[in-house]
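Only one structure is covered here, and it is reproduced in the block below.
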Amino acid sequence: MRYYVILLTVYLGIDTIAAWGLNLEYGVAGVANLGYILLIAAGGYTYAVLRLPHAVNLGTGASYIGGLSWPGWASILGALVIGALLGGLLGLVAVRRIRLDYFALVMFGFEILAWTLVGAFPNFLGGQQGLFFISDPGVSNASWDYVILVAVVCVVVWLVLRRFSGGPVGRTLRAIRDAPAAAAGLGKNLFAWRIVVQVVGGAMAAVSGALLVGFIGAWSPPAWTSLETLLFLTAVIVGGLGSDAGTFVGTAVVPVLIVQGVQFLPAVSSIPQLSSDGTMMLFSLATLGFLFWRSQGIVPERRPKVSLANVAPIQRTRIGSSAPSEYHERVNGVVSPNSSPNSEFDTFEQLPRRRGGAGPVILRAEHVIVSYGGVKAVADVGFEAAEGEVTGLIGPNGAGKSTLLRVLRGTQPPDSGRVELAGTDLTRVPVHRRVRQGLVGTSQLAEPFARLTVIENLLVAAQDQRAETLRGLVAGRPSWRREESEFVTRAHELLDRFRLAGKANDRAGTLSGGERKMLDVMRAFMARPRVLLMDEPMAGVTPAICDRIETALLELADTGVAIVVVEHDLASIGRICGRVVVMAVGKVIETGRMSELRASEAVQQAYLNG
Amino acid sequence: MSGLMEAIGFGLASGAVLSIGSVGLTVQFGVSGVFNLAYGSLLTVSAFIGYWLVEQGLNLWVAMVVVSVATGVLSLMLNRGIYVPLQRRGASPLTLIVATLYVATFIQYLVALIAGDQQVSFALQAGSERSFIGFRLTTLQIEFIALAVALMLAFHLLLTATKLGRALRATAGNRTLARACGIRTARVVDFTWLVTGMMCGAAGLALAATTVAFDFNLGSLFLFYMVAALLLGGAGHPYGAMLGAIVIGVSSQVAAFYGNPQLSDVVAFGIMVVILLVRPRGIFSHSGATSGLEA
Amino acid sequence: MADEGCHDDMAGEVLLEVQSLSAGYGNVEIVSGVSLKVSEGEMVALVGPNGAGKSTVLRGLAGVIRVFDGTVKFLGKEVTRHPLESLVRQGIGYIPQGDDTFPHLTVKENLEMGGYLLATNERRQAMSHVLDRWPQLVPMLKRRASTLSGGQQKMVALGRAMMLRPRLIMLDEPTAGLSDELTRMVITDIALGLARAGTSVLLVEQKARVALETADRAYVLVNGRVAMDAPATEILADESMAEVFLGGRSGAERAG
Chain V
1 MRYYVILLTV YLGIDTIAAW GLNLEYGVAG VANLGYILLI AAGGYTYAVL
51 RLPHAVNLGT GASYIGGLSW PGWASILGAL VIGALLGGLL GLVAVRRIRL
101 DYFALVMFGF EILAWTLVGA FPNFLGGQQG LFFISDPGVS NASWDYVILV
151 AVVCVVVWLV LRRFSGGPVG RTLRAIRDAP AAAAGLGKNL FAWRIVVQVV
201 GGAMAAVSGA LLVGFIGAWS PPAWTSLETL LFLTAVIVGG LGSDAGTFVG
251 TAVVPVLIVQ GVQFLPAVSS IPQLSSDGTM MLFSLATLGF LFWRSQGIVP
301 ERRPKVSLAN VAPIQRTRIG SSAPSEYHER VNGVVSPNSS PNSEFDTFEQ
351 LPRRRGGAGP VILRAEHVIV SYGGVKAVAD VGFEAAEGEV TGLIGPNGAG
401 KSTLLRVLRG TQPPDSGRVE LAGTDLTRVP VHRRVRQGLV GTSQLAEPFA
451 RLTVIENLLV AAQDQRAETL RGLVAGRPSW RREESEFVTR AHELLDRFRL
501 AGKANDRAGT LSGGERKMLD VMRAFMARPR VLLMDEPMAG VTPAICDRIE
551 TALLELADTG VAIVVVEHDL ASIGRICGRV VVMAVGKVIE TGRMSELRAS
601 EAVQQAYLNG
Chain Z
1 MSGLMEAIGF GLASGAVLSI GSVGLTVQFG VSGVFNLAYG SLLTVSAFIG
51 YWLVEQGLNL WVAMVVVSVA TGVLSLMLNR GIYVPLQRRG ASPLTLIVAT
101 LYVATFIQYL VALIAGDQQV SFALQAGSER SFIGFRLTTL QIEFIALAVA
151 LMLAFHLLLT ATKLGRALRA TAGNRTLARA CGIRTARVVD FTWLVTGMMC
201 GAAGLALAAT TVAFDFNLGS LFLFYMVAAL LLGGAGHPYG AMLGAIVIGV
251 SSQVAAFYGN PQLSDVVAFG IMVVILLVRP RGIFSHSGAT SGLEA
Chain H
1 MADEGCHDDM AGEVLLEVQS LSAGYGNVEI VSGVSLKVSE GEMVALVGPN
51 GAGKSTVLRG LAGVIRVFDG TVKFLGKEVT RHPLESLVRQ GIGYIPQGDD
101 TFPHLTVKEN LEMGGYLLAT NERRQAMSHV LDRWPQLVPM LKRRASTLSG
151 GQQKMVALGR AMMLRPRLIM LDEPTAGLSD ELTRMVITDI ALGLARAGTS
201 VLLVEQKARV ALETADRAYV LVNGRVAMDA PATEILADES MAEVFLGGRS
251 GAERAG
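Order-wise, the sequence lines are chains V, Z and H.
Heads up: the first sequence begins at 1 in the working numbering, then just goes up one per residue.
Heads up: the second sequence begins at 1 in the working numbering, then just goes up one per residue.
Heads up: the third sequence begins at 1 in the working numbering, then just goes up one per residue.
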């Protein structure tokens, strides 16, 4: 009985470590690794090889001579390193250009391949027979000491895990999971983060494998079939994808209570068929049931409530509400002499104020050509945007304006041409690095990070987060607490001005279409752009929301930001834009103020003739 | 040398069985867009039903018809009962793959529970061995090669010369446009799951009858051979899958001939992983699926 | 509506009658309260600025997106929310925007696909009718649709839809990406030709001028609602049109 309790507790700890790693990869970062057991196996084999003496008689007449006789703690650490390396390597090979459903299959394939290979070569890692007579790591595996060892490792792993699944980094990873393209558009390096997650997840898997092998003293392919991955996946899905606590609960329920526990129930275990096969069927059914009816799991992923209460008091500002006619005057060059300071926002205070006119050109594109299947969507176009001005980019459907905007953002590589920001060539620079240089864009889709709260969506967008650096990861919360509270303050100001403060802690997935548009705009503001590129910010929004977005864009421009707006709603363009560029059939046909363009014969022809 | 020719002959025989299965799998994916990992488990089901029927004294070919129909119906129910509702609930392609994996596991262990986990083997007369141009094949193997050729021809005729085949190609190519031609695409998808399930059934019984012995793991291993053949030919391309099956069948048998018998698995899985890595885009992408049922 | 009877003489029975249709994607309503009518032998254009919801109306009618509210009647029979394939069987042809041919099939196969519902000899007949109407298709019968030019593909798409000889054909921006010359050909020759030969046409068109010059009647859609409903020539002559398209005041007011 005592042994039984020890066994269950140790398994719970070991399985929890592995399940946490898988949850980090799949639940938090959205990368389904169907070959996860491979990393556990690698940890197990590494521990075995490091721990085994140089020559050990395996009893069957064969002997294993690869052992290194390392001490127990070093063997576990060695497993950790190998797991991290292997995780990173597999990630590097597979995550790079591959879609995620595809990655799942690649990893599944890797696992099957490795399993077959290891089994096929008896002289390498013991083949199908595997390795045995592996000593415990210096802590007796039949005593409570092992429970303590596992518990201590669990606590350490938990502390490390929280650095990644909690705090700003956890937020960033979840943002990448919910809407990868939008996250990249806010400066997140998807590839780097996914590799980081594979490394951490791999290390956790390997430690779990090492502790397991130290406990049972043997390791062979039948112990790490692809079914084992499924078991952990079930624990994560049933427990609650993305929730560390849920994963623990899931592990307690699925691999430990059901799979291990069932074997100790006399009634069931007397029929071996029922116990093993019935268990597999039960957990398959359970998982499918959860996928159908409760995809959030037993303990759904929780997001922190952010309140202003624990944030330094700020200068709360009046919600911008100047009348549209005022913008019109300003746009048309009439600066209202008495612009009240109230209509300014702390958010933009660090930037030089510029009123009622365009500054120097900051964004410039030259000779841009993009063709799709032989048709030139953008045919040798030049474009520039000046600081402190809202530049409109309009034209009938198929004119190439969205394509041009994507070239400026970096989501569409041009066939030829050049894009530069403040004199620096950006043509070959990827999206996330453009964002860090201040070139921020929104897409037509306005994808929210659905399972994050509204305010978290904004916090993700803050640039240069110390929490996301290696130092921040090591030092933890003290190193980023201050910047975080600044971000929260800024986010609240934005929410206030867009009148969404009441929804700050709602899940972004629950927002309406118009609110999503505003969220998208706010996220871009939060990134403190020098140049803001907006693809149809007014599409499908009500006049009231349209008004809020227009006000905000004008005030942002007043702080010296260059804004480019592609928009179908030409009335809106007329209200906010200084210079307007008209494109048709891939070329710029006219440039001027909206009021002039309305009278232009060429523009009318372009719009009516398409 | 004669050993090599024998291995190639064996490869052709196993490639023939493989082609029946992988063409079904690729068509299923091409038309419905679901990458169904439970396909291998259905194959196991058909192997055991077939085994049981033959044990009862039924003629192998009659059993094959019965098994095919049963597996086809099961396959149809799987799509209607689980995958379509999941898709309707907005499951992502990733979630869907995960779900098919669990369906696969459930079926596999249901088979284990009912049939036991013992290895079983057909007490069939494999027929006399014949040898020609260095090949040495049993009558049964030759019959299955003939079956595969006949099925592939039938499938080719279905695709190119029948109304249903046109509907299949249209649905795989562009579902909205197919509907604009008056095609009831929901029924076409049903038909696809039925027919590909039947092919899965035929492949399962053929595989079981030509294997020395098998257990409830039969299909989960063979699934990767089928996936490898499918990927080699390009997902959604039936003629490609036929070719891929022959390549995988022959190369894995030749590998087994030159080394450890388990090397055949390594070769098949190796090919799969390499293709996945070398052609990281397109195969599973939407455009890959909409390329339809083309050679 | 000023009805001068200008189309009474050529328009017969009402084919399609739509009342206060609301449609969109997921939970988002893009168009609401759209009512329109198409009579036999009539060519009706649905125009409006970018993003007004013209294609959404057509997709709602075609049963490929969500219809929230409203009724659609075809030949007096209610067909609201009928799936596309059932509408096609009742005599409505539909050409979606963008991918409107099967690129990997030959022209002949594309046409045969259009005649999917027909028996072999009927299909042969229908094919020769289509080829009589558009003899330009004959020399390209064996070519894959993906190898054709944009204008040729459009003709294939129309030929495909005409295989079933629908009473009404719905065209979703058939001229997107075509040159002015081809645009004129598709709209004035092909579409109007169809209408005059007895197949009514409901045309969603971005290129408003040519559509208005050709169509019998037109609806102007702004912000998901019908802003104008009049004989096409009247709309064309209306000086506020330019403002509707270029986002001036009056357009917004008319849109409500």
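We put the beta carbon where it would ideally sit given N, CA and C, even for glycine.
- Are the Cβ atoms of aspartate 145/V and valine 152/V separated by less than 8 Å? For the 8 Å CB-CB criterion, aspartate 145/V and valine 152/V do not form a contact.
- Query: Mind checking if leucine 159/Z is an interface residue toward chain H, Cβ cutoff 8 Å exclusive?
  - Reply: False, the Cβ-Cβ gap to chain H never drops below 8 Å.
- Query: the region 148-178 of chain Z: which residues have C-beta closer than 9 Å to a C-beta of chain H, in chain order?
  - Reply: Those residues of the region 148-178 of chain Z that come within reach of chain H (Cβ to Cβ, closer than 9 Å) are Lys163, Arg166, Ala167, Arg169, Ala170, Gly173, Asn174, Thr176, Leu177 and Ala178.
- Message: Spatial neighbours of arginine 171/V within its chain, please: C-beta separation below 6 Å, excluding the five flanking residues on both sides.
- Response: These residues qualify, in order along the chain: Glu456 and Val460.
- Task: Enumerate in chain order the residues of its own chain whose CB-to-CB distance from alanine 218/V is below 8 Å, with the five nearest sequence positions on each side excluded.
- Result: If we look at alanine 218/V and ignore the five residues flanking it on each side, its Cβ neighbours are Gly130, Leu131, Phe132, Phe133 and Ile134.
- Check distances from the C-beta atoms of the region 369-402 of chain V to those of chain B and list, in chain order, the residues that come in under 7 Å. No chain B is present in this structure, whose protein chains are V, Z and H.
- Task: Specify, as a first and last residue, the run of the alpha helix (DSSP H) that aspartate 101/V falls within.
- Result: Under the DSSP assignment, aspartate 101/V falls in the alpha helix (DSSP H) whose first and last residues are 100-120.
- Message: Output needed for threonine 297/H: all residues of its chain with C-beta closer than 8 Å, excluding positions within five of it in sequence on either side, in chain order.
- Response: In the structure as shown, chain H starts at 1 and stops at 256, and residue 297/H therefore has no counterpart that could be examined.
- Message: Am I right that valine 34/Z and leucine 53/Z are in contact with their C-beta atoms under 8 Å? What's the rounded C-beta distance?
- Response: Contact flag wrong, Cβ pair sits at about 29 Å.
- Message: Can you tell me where the beta strand (DSSP E) holding threonine 442/V begins and where it ends?
- Response: Run containing threonine 442/V: 439-442, per the beta strand (DSSP E) assignment.
- Query: With burial defined as no fewer than 16 other Cβ atoms inside 10 Å of the residue's Cβ, what is the status of tryptophan 61/Z: buried or exposed?
  - Reply: Using a 10 angstroms sphere on the CB of tryptophan 61/Z, the tally of other CB atoms stays under 16, which defines it as exposed.
- Message: Give me the subset of the region 99-116 of chain Z whose CB atoms are less than 8 Å from a CB atom of chain V, sorted by chain position.
- Response: Answer set for the region 99-116 of chain Z: Ala99, Leu101, Tyr102, Val103, Thr105, Phe106, Gln108, Tyr109, Leu110, Ala112, Leu113 and Gly116.
- Query: Is leucine 86/V near the ligand SAH, with its Cβ less than 7 Å from a heavy atom?
  - Reply: You won't find the ligand SAH in this model; it holds no ligand whatsoever.
- Can you name the residues of chain Z whose CB is closer than 7 Å to the CB of aspartate 101/V? Simply Pro93, Leu94, Ile97 and Phe284.
- How do the region 237-247 of chain V and the region 157-175 of chain V stand: do at least 3 beta-carbon pairs fall below 8 Å, yes or no? The count of Cβ pairs closer than 8 Å, one atom from the region 237-247 of chain V and one from the region 157-175 of chain V, reaches three, so the stretches are in contact.
- In the structure shown, what three-state DSSP assignment does threonine 150/V receive? The residue you asked about is not threonine; residue 150/V is valine in the sequence shown. The DSSP-derived three-state label of valine 150/V is helix.
- Check the C-beta distance from glycine 30/V over to leucine 100/V and give it rounded, since I have them as a contact under 8 Å. That pair is a contact at about 7 Å.
- Query: Would a C-beta distance cut-off of 8 Å place serine 19/Z and isoleucine 271/Z closer than the cut-off?
  - Reply: No. Outside cutoff.
- Going by DSSP, which residues form a beta bridge with arginine 364/V? Under DSSP, arginine 364/V takes part in a beta bridge, and its partners are Glu384/V and Glu420/V.
- Which word fits glutamine 304/Z, buried or exposed, when buried means at least 16 other C-beta atoms lie within 10 angstroms of its C-beta? Given that chain Z is displayed from residue 1 to residue 295, the structure contains no residue 304/Z and the question cannot be resolved.
- Closer than 6 Å by C-beta to leucine 473/V: which residues in its own chain qualify, once you throw out the five before and the five after it? Chain order, please. Within the same chain, leucine 473/V has close Cβ partners Arg163.
- Beta-carbon of glutamine 296/V versus every beta-carbon of chain H: anything under 8 Å? Answer no: the Cβ-Cβ gap between glutamine 296/V and chain H never drops below 8 Å.
- Message: Counting only beta-carbon separations shorter than 8 Å, does isoleucine 112/V have a partner in chain Z?
- Response: Isoleucine 112/V belongs to the set of residues whose beta carbon lies under 8 Å from a beta carbon in chain Z.
- Residue interval of the alpha helix (DSSP H) (run including isoleucine 142/Z): Unbroken alpha helix (DSSP H) run through isoleucine 142/Z: 139-161.
- Using the beta-carbon of each residue, which ones in chain H are nearer than 8 Å to threonine 185/Z? Glu85, listed in chain order.
- What is the residue span of the beta strand (DSSP E) that methionine 583/V lies within? Taken as a continuous stretch (DSSP letters only), the beta strand (DSSP E) holding methionine 583/V covers 580-584.
- Item | C-alpha distance - glutamate 55/Z paired with glycine 214/V, whole-angstrom precision | Cα to Cα, glutamate 55/Z sits roughly 47 Å from glycine 214/V.
- Query: Pick from Ile82/Z, Arg88/Z, Leu25/Z and Leu43/Z: whose alpha carbon is nearest that of glycine 26/H?
  - Reply: Looking from the CA of glycine 26/H, the closest CA among Ile82/Z, Arg88/Z, Leu25/Z and Leu43/Z belongs to Arg88/Z.
- Cβ of alanine 32/V less than 8 Å from any chain Z Cβ? Yes, alanine 32/V lies at the interface with chain Z (some Cβ there is under 8 Å from its Cβ).
- Query: Expressed to the nearest angstrom, what Euclidean distance is found between the alpha-carbon atoms of phenylalanine 679/V and isoleucine 49/Z?
  - Reply: The shown model of chain V, from 1 to 610, leaves out residue 679/V, and the question about it has no answer.
- Task: Could you work out which residues of chain Z lie near proline 96/H, taking near to mean beta carbons separated by less than 7 Å?
- Result: Simply Thr176, Leu177 and Ala180.
- Query: How about threonine 229/V and leucine 34/V: are their beta carbons less than 8 Å apart?
  - Reply: With respect to leucine 34/V, threonine 229/V sits close: the two C-beta atoms are nearer than 8 Å.
- Is it right to say histidine 54/V is buried, meaning 16 or more other beta carbons lie within 10 angstroms of its own, or is it exposed? If you draw a 10 Å sphere on the C-beta of histidine 54/V, you find fewer than 16 other C-beta atoms in it, and that means exposed.
- Item | Assigned exposure category for asparagine 338/V - 16 Cβ within 10 Å defines buried | In this predicted model, asparagine 338/V has a pLDDT of only 39, less than 50, meaning its place in the structure is not dependable; the value taken from the coordinates is given anyway. That one is exposed.
- Message: Once DSSP output is grouped into helix, strand and coil, what is the label at valine 247/Z?
- Response: Per DSSP, reduced to three states, the secondary structure at valine 247/Z is helical.
- Which residue from Arg81/H, Asp69/H, Gly115/H and Gly41/H puts its Cα closest to that of alanine 178/Z? Selected option, being the one with the closest Cα: Gly115/H.
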